[in-house]
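K.L.:
Per our numbering, the sequence shown starts with residue 504, numbered consecutively.
Virtual Cβ for every residue (Gly too), placed ideally from N, Cα, C.
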Amino acid sequence: MSTVSVDVALPPGRCTLLSALRACLAAAGDPRDLADIGGLTGLSWYINVDRTVSPSGIAAYPWAQELPAMASRLGYDLAVVYADDEDPRIDRARERAARTAAESLDRGLPAILFGVHLPEFGLVRGYDPDARRMFVSGVLDGRAPDAIPVDQLGRGDVPVVLLAALQSGRADLDPDVAGRAAVRAAVRRARGVGPRLGGFDAGLPAWARWHDALDRGAIDPAGHAYTLHAVAELRATAAPFLDRLGPAFAEAAPHCRRTCDLLLALAADTPWPLPEGYGLSTTARVAARDAIAAAADAEARAIDAMERGLREGRRSRARRDVRVREAGPADVGALFRYAEDIPLADVAAAADRVRAAVRDRLGATLRAAIAETPGGDVAGALVASDLADADAPLDAAGAGRYLYVFSVWVARDWRDAGIDERLIEWLDGVARAGDYAGALAEATQQEVYLYWESFAALGFDVVARCEDALAMYRPVAGPAPRVRFSPPPPADPAGPLPVVVAPRRPCPVLAAACDNVIAAARAAIAAGAAIDLQVRDAPPNEIAVGGRRLPLGYLPRDGAEQALAAAAAAWRRRA
504 MSTVSVDVAL PPGRCTLLSA LRACLAAAGD PRDLADIGGL TGLSWYINVD RTVSPSGIAA
564 YPWAQELPAM ASRLGYDLAV VYADDEDPRI DRARERAART AAESLDRGLP AILFGVHLPE
624 FGLVRGYDPD ARRMFVSGVL DGRAPDAIPV DQLGRGDVPV VLLAALQSGR ADLDPDVAGR
684 AAVRAAVRRA RGVGPRLGGF DAGLPAWARW HDALDRGAID PAGHAYTLHA VAELRATAAP
744 FLDRLGPAFA EAAPHCRRTC DLLLALAADT PWPLPEGYGL STTARVAARD AIAAAADAEA
804 RAIDAMERGL REGRRSRARR DVRVREAGPA DVGALFRYAE DIPLADVAAA ADRVRAAVRD
864 RLGATLRAAI AETPGGDVAG ALVASDLADA DAPLDAAGAG RYLYVFSVWV ARDWRDAGID
924 ERLIEWLDGV ARAGDYAGAL AEATQQEVYL YWESFAALGF DVVARCEDAL AMYRPVAGPA
984 PRVRFSPPPP ADPAGPLPVV VAPRRPCPVL AAACDNVIAA ARAAIAAGAA IDLQVRDAPP
1044 NEIAVGGRRL PLGYLPRDGA EQALAAAAAA WRRRA
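(1) Return yes when the Cβ of Pro877 is within less than 7 Å of the Cβ of Asp824, no when it is not.
(2) Below 8 Å CB to CB, which residues in the same chain sit around Tyr729 once its five sequence neighbours on both sides are set aside?
(3) Here's a check: name, in chain order, each residue in its chain whose Cβ is nearer than 7 Å to the Cβ of Val556, leaving out the five neighbours to either side.
(4) Check this for me: beta carbons of Ala526 and Leu626, under 7 Å apart or not?
(5) Quick check on the DSSP output: what are the complete alpha helix (DSSP H) runs of length 4 or more inside the region 629-708, in order along the chain?
(6) Ignore the nearest five residues each way along the sequence and tell me which others in Ala1070's own chain have a CB closer than 8 Å to its CB.
(7) So, for Ala801: in the same chain, excluding its five sequence neighbours on each side, which residues have a beta-carbon less than 6 Å away from its beta-carbon?
(8) Beta-carbon separation of Ala1023 and Leu1053 under 7 Å?
(9) Between which residues of its own chain and Gly749 is the CB-CB distance below 6 Å, once the five residues before and five after are set aside?
(10) Please report the Cβ distance between Arg719 and Leu656, rounded to the nearest whole angstrom; I am assuming they are in contact, meaning their Cβ atoms lie under 8 Å.
(11) If you run the structure through DSSP and keep just helix, strand and coil, what is Asp609?
(12) Rounded to whole angstroms, what's the CA-CA distance from Asp631 to Pro534? Just pull it up for me.
(13) Around the C-beta of Ser505, are 16 or more other C-beta atoms found within 10 angstroms, so that it is buried, or is it exposed?
(14) Whose C-alpha, out of Asp539, Ala1026, Leu612 and Pro1011, is nearest the C-alpha of Val639?
(15) Please state if the CB of Ala684 and the CB of Ala821 are separated by a distance shorter than 7 Å.
(16) What is the rounded straight-line gap between the Cα of Arg699 and the Cα of Ala572?
(17) Quick one, which of Leu528, Leu543 and Asp590 has its alpha-carbon nearest Ala667's?
(18) Let me know if Gly941 comes out buried or exposed under the rule of 16 or more other beta-carbons within 10 Å of its beta-carbon.
(19) I need the DSSP call for Ile1034, collapsed to helix, strand or coil.
(20) Entirely within the region 797-831 and at least 3 residues each: give me those beta strand (DSSP E) ranges in chain order.
(21) Consult DSSP for Tyr585 and reduce its assignment to one of helix, strand or coil.
(22) Taking Gly883 as part of the beta strand (DSSP E), name the residues at either end of that continuous run.
(23) Name, in chain order, the residues that DSSP records as bridge partners for Cys969.
(24) Classify Arg1051: buried if its beta carbon has 16 or more other beta carbons within 10 angstroms, exposed otherwise.
(25) Is DSSP giving Asp898 helix, strand or coil here?
(26) Measure the C-alpha to C-alpha separation of Val861 and Ala681 and round it to an integer number of angstroms.
(27) What did DSSP end up calling Gly782 once you bin it into helix, strand or coil?
(28) Can you check which of these residues, Phe839, His620, Gly541 and Asp553, is closest to Leu745 by C-alpha distance?
(29) Going by CA-CA distance only, name the one from Asp536, Ala936, Arg925 and Ala614 that's closest to Leu737.
(30) Tell me the DSSP bridge mates of Thr947?
(31) Smallest Cα separation from Leu813: which of Arg804, Asp580, Ala751 and Leu769?
(32) Counting C-beta neighbours from all protein chains within 10 Å, is the total for Ala771 16 or more, i.e. buried, or is it exposed?
(33) Looking only at its chain, what residues have a beta carbon closer than 7 Å to the beta carbon of Ala1027, apart from the 5 residues adjacent to it on each side?
(34) Who does Pro978 pair with in a DSSP beta bridge?
(35) Less than 8 Å between C-beta atoms, sequence neighbours within five positions excluded: which residues of the same chain meet that for Pro662?
(36) Assuming Asp898 contacts Arg1039 under a Cβ cut-off of 8 Å, what Cβ separation, rounded to an integer in Å, is found between them?
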């Protein structure tokens, strides 16, 4: 069999992965430059260091997990072959790597290989199946062998087999969609979210570790110099990429430029490769520490601004694509869609029952709005009523009429897009049209459900408290009324433990909680617990145990049964 090859060489650059990707895209006829490639892959914001900032940090990353998503944002499918020295089938991985490289070369494309000359990325530019050798291009072209035997793959200083090859032509991606996906990935990595190798930090924590190593004097001079030059090269691509994404990221780009400028200035005083006998003096180390601190601060500001840009982008798309309208009986299936985000069968079952119960009330005693995408998906919903029809445990004394908000929900994919604010704008319109002074809501101090800070962000203020429960008010045409929580059901300390359940609130989570408390109380009674269960079809909506109203939220049956049995025993002892 004859040797197959392509005429390609690894372009110069400190980040060999970026260089290798550029060469592969160029071979595929893709003209995009380093700014586009660095930005879309997220390499523009890449940083990875260990305790002493050793030279291995730049390459020591779980690339096998990250590379497919990087390539996808560029518009390509990617075949990845990976195995380490703990894999008993590493020989099979070597064979797959050779086969994958040969197939890529047959298409006229080089493959990307880790461990070419050094623990760095390089290119497979040819393959001789008879001699079982890969011809390579890497950072030591002209000074190191230009071929690697297949059976020597993964036998270098870093014992891994890692080969990647483009598998498709370039997909026609919306540049804005791909760009925002890249920014999201970069922000997540900067926040320390995602895979990493033990002993290494990535993103903003890596900057702190670099600064600490310089501050302690426990720095590897070669690693510091190499990391500095590589990260400076990558940051040079960040601001141009953000500029191309448009005004949403105009705030972030200058911070990226400052990070780059600080690193380039420091790199100008830090040679690489290091001359023989080079050492990092105390003066140079302190100056480097201060420069890294300033660069880290600029990077943190850039990441914050990138997050704001993503939010603004979501808001712009929501304003363009999502409409808010009143829901009628035909829309009942769209309400309480949040139950689908909760992986609990009892909540899903309760949602169907609640929808059936509220169908005929929609547009009459129950007002609801849905935020709807052009494709008919539900981006959010709000359910409210006149306070007089809400059966809420609130007494409001004031000069006007008041609405009561049962729930405000936004789909996970549309959060931070201003959907909740637009639903509240719809509510304000209902209030003005109906001559309501404002809207009341019940909230809790539990972050998982009806969290008070979420209402506060929408202009609601706390006007009453009862243990964990909060009453909150949003003014529209009038000030807040005097609000108090109605007293819970009375409890006779001489009798059995009173458990009162009034399952009237149009909410699947609370309906499931009511179901579970009722079932738990009946099970506890069957087991001998002294409980007086009262299931009441009368206001207010509540679950009360022993004369105390429970906070709004989900209650699992098993936990409720155990808690009620224990409460009944304690109630009897107290009597």
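P.N.:
In this structure, then:
(1) Contact: yes.
(2) Arg517, Pro558, Ile561 and Trp775
(3) Once the five neighbours on either side are set aside, the close Cβ partners of Val556 are Trp713, Ala716, Ile722, Asp723, Gly726, His727 and Thr730.
(4) yes
(5) 678-693
(6) Leu1000, Val1048 and Gly1049
(7) His758, Arg761 and Thr762
(8) Going by C-beta atoms, Ala1023 is not nearer than 7 Å to Leu1053.
(9) none
(10) Rounded, the Cβ-Cβ distance is 38 Å, inconsistent with contact.
(11) Residue state, collapsed to three classes: helix.
(12) 29 Å
(13) Ser505 should be labelled exposed.
(14) Leu612
(15) no
(16) 15 Å
(17) Among Leu528, Leu543 and Asp590, the Cα nearest to that of Ala667 is on Leu528.
(18) buried
(19) In the three-state reduction of the DSSP assignment, Ile1034 falls in the strand class, which pools E and B.
(20) Taking only runs of at least 3 residues, the beta strand (DSSP E) segments lying wholly in the region 797-831 are 826-829.
(21) strand
(22) Val881 to Asp889
(23) Paired residue(s): Ala972.
(24) With fewer than 16 other Cβ atoms within 10 Å, it is exposed.
(25) strand
(26) 41 Å
(27) Note: Gly782 maps to coil in three-state DSSP.
(28) Checked all of Phe839, His620, Gly541 and Asp553; the closest Cα to Leu745 is Gly541.
(29) Asp536
(30) Bridge partners of Thr947: Tyr954.
(31) Ala751
(32) Under the 10 Å beta carbon count, Ala771 is surrounded by fewer than 16 other beta carbons and is classified as exposed.
(33) Ile1034, Glu1064, Leu1067, Ala1068 and Ala1071
(34) Answer is Gly941, bridged to Pro978.
(35) Asp587 and Asp588
(36) Asp898 to Arg1039, Cβ: 18 Å. No contact.
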